[in-house]
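Numbered according to the working numbering, the sequence shown terminates at residue 955, and the numbering increases by one at each position without gaps.
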Amino acid sequence: MPAQFLLNLFIAFLWMVLQDEDELKITTFFSGFLVGIGIIFLMHRFFGTQFYLRRLISIIKLFFIFISELAASSVLISKQILSPKLKIKPGIFTYKTKLRGDWEITTLAMLLTLTPGSVVMEVNPEGDMFYIHAMDLEKSKADVLRSIGKFEKAIMEVTR
796 MPAQFLLNLF IAFLWMVLQD EDELKITTFF SGFLVGIGII FLMHRFFGTQ FYLRRLISII
856 KLFFIFISEL AASSVLISKQ ILSPKLKIKP GIFTYKTKLR GDWEITTLAM LLTLTPGSVV
916 MEVNPEGDMF YIHAMDLEKS KADVLRSIGK FEKAIMEVTR
């Protein structure tokens, strides 16, 4: 991945030098960078790794998934809190994850903890079981499980 990015910078610099302009312009460098992206995309299979911008796109996708889940759960929690009578039944449930590795497990735990209505209380020593506290177990467990599925898929796209 770093080799592809460095090659792209080299192509952009070479493009800028070969344009034969009186002064160096950032727009020329940027157009050379775009040309470099196209060249590297066409030749990325020769590097033996995936195209380096694919990971960046996956990170942006994970960010937008988190923002949408955050907004949806915030609205749900706000409705529950603002109702005249609190009719919630908090509880703890377990979830067995498909993620492996410290980075993936930590990312999923942090994303779930930052989403209102659920808190990751503990991860077992093997790292494959989460103990999650939900604010309203009956109503929000399905939503939390749906969020976990989206987060897991997006995290695997970023890391694998």
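Beta carbons are placed, not taken as given, at the ideal position from N, Cα and C, and that holds for glycine. What you are looking at is a predicted structure, and each value in this text was computed from that prediction instead of being measured.
query	result
C-alpha gap between F824 and F861, whole angstroms	33 Å
At least three beta-carbon pairs within less than 8 Å, the region 928–938 to the region 831–841	no
Buried versus exposed call for I927 [16 or more other C-beta atoms within 10 Å across all chains shown]	buried
Member of A904, I876, F808, D897 whose CA lies at the smallest distance from the CA of T889	A904
Among R850, P885, M951, S868, nearest to R941 - alpha-carbon criterion	S868
Cβ-Cβ distance between K891 and E947 below 8 Å	no
Burial state of M811 (16 or more Cβ within 10 Å)	buried
When P920, K820, T908, M951 are compared against M930, the one with the closest alpha-carbon	T908
At least three beta-carbon pairs within less than 8 Å, the region 862–881 to the region 909–921	yes
Pairwise C-alpha distance: T901 and G843	28 Å
Environment of A798 [buried if 16+ CB atoms lie within 10 Å]	exposed
Between the CA atoms of G922 and K945 - distance to the nearest angstrom	19 Å
Reduced DSSP secondary structure (H/G/I, E/B, other) of F888	strand
Whole-angstrom C-beta distance between S853 and E952, which should lie under 8 Å	4 Å
Burial state of G786, where buried means 16 or more other Cβ atoms lie within 10 Å	Missing from the structure shown is residue 786; the chain here goes from 796 to 955 and no further.
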